[in-house]
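Number of protein chains: 2
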Amino acid sequence: MTQRPTRPRPRPGSRHPARARLTDGHLANVYSAACPSRQALDRIADKWTVLIIGALERGPLRFGQLRDAIDGISEKMLTQTLRSLERDGLVARQDHGTTPPQVDYRLTALGTTLAAPVAAVRAWAERYIVEVEDARTAHDLGQG
Amino acid sequence: MTQRPTRPRPRPGSRHPARARLTDGHLANVYSAACPSRQALDRIADKWTVLIIGALERGPLRFGQLRDAIDGISEKMLTQTLRSLERDGLVARQDHGTTPPQVDYRLTALGTTLAAPVAAVRAWAERYIVEVEDARTAHDLGQG
DNA sequence: CAGAATCCTGTGAGATACTG
DNA sequence: CAGTATCTCACAGGATTCTG
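Now the structure itself:
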């Protein structure tokens, strides 16, 4: 999904071996893959994560409701992503212990803080999708 | 990366066949995978996309500068993602036609509108990474 | 330098079946 | 209902080499 804990570690014998310098502060916005906030980004910048956070924005939902709300997600990915979000303290899982089982998911306080940025991205997508599509068809026409 | 044009199309014979209803407006934030803004999201919610947009935020960069600025990206993924961004009208490529070749990339006007939301997400990551890590270790300790 | 072309592998992710 | 367990495979994506 996104957690790739056993990332093969960029082999030292690579062709672009770190490329060390960056002598001046010219490229200040460099942050290494090891940088914690980069890892957080890697986690957040994920399709299903964004969609789940978005779906939970308005309140708790049950497993099945999430599955239905997020078109195209498989139960497997839903479960996996929810587990990750739970682990990262963004989503809380509440099992009511009833039978048939009833479990719901809600954003934690931390998760709520993420909802705003995510909503901004979604808003962008909704606002500018037309421009993107236009650019795309224009580009494709140009290329044949 | 994100473009998976030949996605095997969620087979109609699937076990959760659309699940049709959603009778009431209860889950208003459902948008199907076919919905355009969903597709835009699928494109945007990508690790490399976010990082490239972020890197170009402050001004044009050349290919090598981007490669160096974005730790962990391979030349292949950089090229691919740049091509996609170009196609979507978010990034403009300028080839100076010199030898040795010199090409630089900059955000288009459209791309610039995306920089803000993306920056918000990055800001979130930087601000809350600690909480996420804490939650994670707490959770992992709880589970053994 | 900025890529294109190739080869190869890990894993993201769907399909299916089983269970309390 | 809310999962878990498997099997499977396409493809994302890294490594490497080549070129104008």
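Chains A and B are the protein sequences, given in the same order.
According to the working numbering, the stretch in the first sequence is residues -12 to 131, in order.
According to the working numbering, the stretch in the second sequence is residues -12 to 131, in order.
A virtual CB, placed ideally from N, CA and C, is assigned to each residue, including glycine.
For this session: Leaving out five residues on either side along the sequence, give the residues of the same chain with a beta carbon under 8 Å from the beta carbon of Ile57(A).
Result: Taking the first residue of the first sequence as 1, we reach residue 57(A) at position 70. Listed in chain order, the non-local C-beta contacts of Ile57(A) below 8 Å within the same chain comprise Trp35, Leu38, Ile39, Ala42, Leu65, local neighbours out to five positions each way being set aside.
For this session: State yes or no: is the C-beta of Ala27(B) within less than 7 Å of the C-beta of Ala112(A)?
Result: As a first step, residue 27(B) must be located in the second sequence, where it is residue number 40. As a first step, residue 112(A) must be located in the first sequence, where it is residue number 125. Between Ala27(B) and Ala112(A), the C-beta gap is smaller than 7 Å, which places the two residues in contact.
Exercise. Shortest alpha-carbon distance to Ile116(B) belongs to which of Leu77(A), Gln89(A), Val17(A)?
Worked result: In the second sequence, the residue the question calls residue 116(B) occupies position 129. Ile116(B) has its Cα closest to that of Leu77(A), out of Leu77(A), Gln89(A), Val17(A).
Exercise. What is the DSSP secondary structure of Val108(B), reduced to helix, strand or coil?
Worked result: The residue given as residue 108(B) occupies position 121 in the second sequence. In the structure shown, the three-state DSSP call for Val108(B) is helix.
Problem set entry | Thr10(B) classed as buried or exposed, judged by whether at least 16 other C-beta atoms fall within 10 angstroms | As a position in the second sequence, residue 10(B) is number 23, starting the count at 1. At Thr10(B) the pLDDT is 38, less than 50, meaning the model places this residue with poor confidence and gives no usable figure here.
Exercise. Given a threshold of 16 other Cβ atoms within 10 Å of its Cβ, counted over all protein chains shown, does Thr68(A) qualify as buried or as exposed?
Worked result: Stepping through the first sequence from its first residue, residue 68(A) is reached at position 81. Buried, because 16 or more other Cβ atoms sit within 10 Å of the Cβ of Thr68(A).
Problem set entry | Closer than 7 Å to chain B by CB, Arg123(A) | Locating residue 123(A) in the first sequence gives position 136, counting from the first residue. At least one CB atom of chain B sits nearer than 7 Å to the CB of Arg123(A).
For this session: Consult DSSP for Leu77(B) and reduce its assignment to one of helix, strand or coil.
Result: If you number the second sequence from 1, residue 77(B) lands on position 90. The three-state secondary structure of Leu77(B), taken from DSSP, is coil.
Exercise. Whose C-beta lies closer than 6 Å to the C-beta of Gly98(A) among residues of the same chain, with five residues either side of it excluded?
Worked result: As a position in the first sequence, residue 98(A) is number 111, starting the count at 1. Excluding sequence neighbours, Gly98(A) sits near Leu77, Val78.
Problem set entry | Beta-carbon proximity of Pro104(B) to Val108(A), cut-off 7 Å | For the purposes of this step, residue 104(B) is taken as residue 117 along the second sequence, with counting starting at 1. For the purposes of this step, residue 108(A) is taken as residue 121 along the first sequence, with counting starting at 1. In contact: Pro104(B) and Val108(A) (Cβ atoms closer than 7 Å).
Exercise. Thinking C-beta only, is Asp75(B) closer than 7 Å to Ala122(A)?
Worked result: Within the first sequence, numbered from 1, the residue matching residue 122(A) stands at position 135. Within the second sequence, numbered from 1, the residue matching residue 75(B) stands at position 88. In contact: Ala122(A) and Asp75(B) (Cβ atoms closer than 7 Å).
Exercise. Under three-state DSSP, which class holds Ala15(B)?
Worked result: Residue numbering aside, residue 15(B) sits at position 28 when the second sequence is read from its first letter. At Ala15(B), the pLDDT of 48 sits below 50, so the modelled position is not reliable; the number obtained from the coordinates is stated separately. Looking at Ala15(B) - three-state DSSP - the assignment turns out to be coil, as it is neither helix nor strand.
Exercise. Does any C-beta atom of chain B lie closer than 7 Å to the C-beta of His126(A)?
Worked result: What you label residue 126(A) is simply residue 139 of the first sequence in a count that begins at 1. Cβ-Cβ to chain B under 7 Å: yes for His126(A).
Exercise. Do you know offhand how far Ser24(B)'s Cα is from Thr100(B)'s?
Worked result: To locate residue 24(B), count along the second sequence from 1; it is residue 37. To locate residue 100(B), count along the second sequence from 1; it is residue 113. Rounded to the nearest angstrom, the two C-alpha atoms are 16 Å apart.
Exercise. By how many angstroms is the C-alpha of Glu44(A) removed from the C-alpha of Leu72(B)?
Worked result: By 1-based counting over the second sequence, the position of residue 72(B) is 85. By 1-based counting over the first sequence, the position of residue 44(A) is 57. If I take the Cα positions, the gap works out to 29 Å.
Exercise. Listed from N- to C-terminal order along the chain, which residues in the stretch 96 to 108 of chain A have their beta-carbon within a distance smaller than 8 Å of any beta-carbon of chain B?
Worked result: Flagged, chain order: Leu97, Thr100, Leu101, Ala103, Pro104, Val105, Ala107, Val108.
For this session: Enumerate in chain order the residues of its own chain whose CB-to-CB distance from Arg80(A) is below 6 Å, with the five nearest sequence positions on each side excluded.
Result: In the first sequence, residue 80(A) corresponds to position 93, counting from 1. Hits under 6 Å: Glu73, Tyr92.
Problem set entry | Contact set between the stretch 22 to 43 of chain B and chain A, restricted to residues whose Cβ is under 7 Å from the partner | Within the stretch 22 to 43 of chain B, Pro23, Ser24, Ala27, Leu28, Asp29, Ile31, Ala32, Asp33, Lys34, Val37, Gly41, Ala42 place their CB atoms closer than 7 Å to a CB of chain A, listed in sequence order.
Problem set entry | Buried/exposed call for Asp127(B), threshold 16 Cβ in 10 Å | The sequence position of residue 127(B) within the second sequence is 140, counting from 1. With fewer than 16 Cβ atoms within 10 Å of its Cβ, Asp127(B) is classed as exposed.
Exercise. Assuming Arg49(A) and Val90(A) make a contact with CB atoms under 8 Å, what is their CB distance in whole Å?
Worked result: Position 62 of the first sequence holds residue 49(A). Position 103 of the first sequence holds residue 90(A). Rounded, the Cβ-Cβ distance is 6 Å, consistent with contact.
Exercise. Can you name the residues of chain A whose CB is closer than 9 Å to the CB of Ala79(B)?
Worked result: Walking along the second sequence from the start, residue 79(B) turns up at place 92. Neighbours of Ala79(B) on chain A: none; closest Cβ ~10 Å, over 9 Å.
For this session: Figure out for me which residue from Arg114(B), Arg70(B), Thr85(B), Pro47(B) has the closest Cα to the Cα of Leu94(B).
Result: For the purposes of this step, residue 94(B) is identified with residue 107 of the second sequence, where counting begins at 1. The residue among Arg114(B), Arg70(B), Thr85(B), Pro47(B) with its C-alpha nearest the C-alpha of Leu94(B) is Pro47(B).
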